[in-house]
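Q: Right, I'll just put the structure down here and ask away after.
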Amino acid sequence: MASARAKVAILISGRGSNMAALIEAAADPAFPAEIALVVSNRPDAAGLVRAAAAGIPTKVVDHKDFGKDREAFERALDTVLQEHSIAILCLAGFMRLLTPWFVGRWEGRMINVHPALLPSFKGLDTHARALAAGVRLHGATVHLVVPEMDSGPIIVQGAVPIGDDDTEATLAARVLAVEHRIYPLALRWLAEGRITVEAGRCRIAGAAAPDGAIVAPTV
Ligand code: GAR
Numbered sequence: 042m043a044s045a046r047a048k049v050a051i052l053i054s055g056r057g058s059n060m061a062a063l064i065e066a067a068a069d070p071a072f073p074a075e076i077a078l079v080v081s082n083r084p085d086a087a088g089l090v091r092a093a094a095a096g097i098p099t100k101v102v103d104h105k106d107f108g109k110d111r112e113a114f115e116r117a118l119d120t121v122l123q124e125h126s127i128a129i130l131c132l133a134g135f136m137r138l139l140t141p142w143f144v145g146r147w148e149g150r151m152i153n154v155h156p157a158l159l160p161s162f163k164g165l166d167t168h169a170r171a172l173a174a175g176v177r178l179h180g181a182t183v184h185l186v187v188p189e190m191d192s193g194p195i196i197v198q199g200a201v202p203i204g205d206d207d208t209e210a211t212l213a214a215r216v217l218a219v220e221h222r223i224y225p226l227a228l229r230w231l232a233e234g235r236i237t238v239e240a241g242r243c244r245i246a247g248a249a250a251p252d253g254a255i256v257a258p259t260v
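Heads up: the sequence shown runs through residues 42 to 260, numbered per the numbering used here.
Set out below in structure tokens:
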């Protein structure tokens, strides 16, 4: 019999394209994790429809039901996760800040995707800010979640060169494609137990030694 796959919940607030990439990767029975649940803090998140269409159980824990009480919201969320025996949490466009209490409970088992090469461009509007800064390389990051927003040990990054004619929209599309590529990798490595953190830095067992350089622009 195949060994049990790690049960994963994906937390979303919106369209859920990263969620869909994780669901697609985990549809392969050889993938070491199973997407057991999708939770949204917004009842109208488009990703909920997408998850249900893929046959994944969905839940709404609406933060508005808890007013300003963040911990009460998180306790309700945590109860749902325990009910489904969730082992790993993936934040995929989940737009709520999490308290140290919740982050502590899921320490080492919760990952997030961010549309920038962290630690540059934490927060919102990352593509507009990368363009305004004139950087030549932008990209996406998957990292372990710590209480400080968009921080935490970096698991994997994908770089996207910025061209002279790029707009926020063209850049966003290319970065999103990279997010969809790197997020399943990070989940795979976490589920396989290949990630260790030493002095705030991730080590990935079995990763090949790096070589070469990415130069942008090319003329
Ligand atoms: C993604 O680009 C994700 O990196 C970003 O929101 C988008 C969600 O898209 N997350 C953050 O900015 C969190 N700091 P999706 O719902 O289609 O996956």
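For glycine and all other residues, C-beta sits at the position ideal for the given N, C-alpha and C. Quick caveat: nothing in here was measured; it's all calculated off a predicted structure.
Ignore the nearest five residues each way along the sequence and tell me which others in P194's own chain have a CB closer than 7 Å to its CB.
A: Same-chain partners within the cutoff: H184, L185, V238, G241, R242 and C243.
Q: In whole angstroms, give me the CA-to-CA distance for T182 and I196.
A: The straight-line gap from Cα to Cα measures roughly 8 Å.
Q: Regarding P84 and the ligand GAR, is the C-beta to nearest heavy atom distance less than 6 Å?
A: No, the beta carbon of P84 sits no closer than 6 Å to any heavy atom of the ligand GAR.
Q: For A93, verify whether its CB is less than 6 Å away from any heavy atom of the ligand ATP.
A: For the ligand ATP, the structure offers nothing, since it holds only the ligand GAR.
Q: For H179, does the three-state DSSP call read helix, strand or coil?
A: H179 falls in the strand class under three-state DSSP.
Q: Kindly list the residues whose CB is nearer than 6 Å to the CB of L89, restricted to its own chain and excluding five residues on each side of it in sequence; keep chain order.
A: So the list reads S81 and T99, once near-sequence residues are dropped.
Q: Distance, Cα to Cα, A146 vs P258?
A: Here the sequence assigns Arg to residue 146, which means Ala is not the residue at that position. When rounded, the distance between both Cα atoms is 43 Å.
Q: Could you have a look at D151 and say whether DSSP puts it in helix, strand or coil?
A: A small correction: the amino acid at residue 151 is Met; Asp does not occupy that position in the sequence shown. It is a strand residue.
Q: Is the CB-CB distance between A47 and I129 below 7 Å?
A: Yes, these two residues count as a Cβ contact at 7 Å.
Q: With a CB to CB cut of under 7 Å and the five nearest residues on each side skipped, what residues in its chain are close to E3?
A: With the chain covering 42 to 260 only, the question about residue 3 has no answer from this structure.
Q: Leaving out five residues on either side along the sequence, give the residues of the same chain with a beta carbon under 6 Å from the beta carbon of H155.
A: The answer, listed in chain order, is T182 and D191.
Q: Out of curiosity, what's the CA-to-CA distance linking D166 and A62?
A: Roughly 22 Å between the two C-alpha positions.
Q: On the criterion of 16 or more Cβ atoms from any shown chain inside 10 Å, does G247 qualify as buried, or is it exposed?
A: It counts as exposed.
Q: Take T140 and list the residues in its own chain whose beta-carbon comes closer than 8 Å to its own, dropping the five residues that flank it on each side.
A: Taken in chain order, the residues that qualify are R111, E112, E115 and P188.
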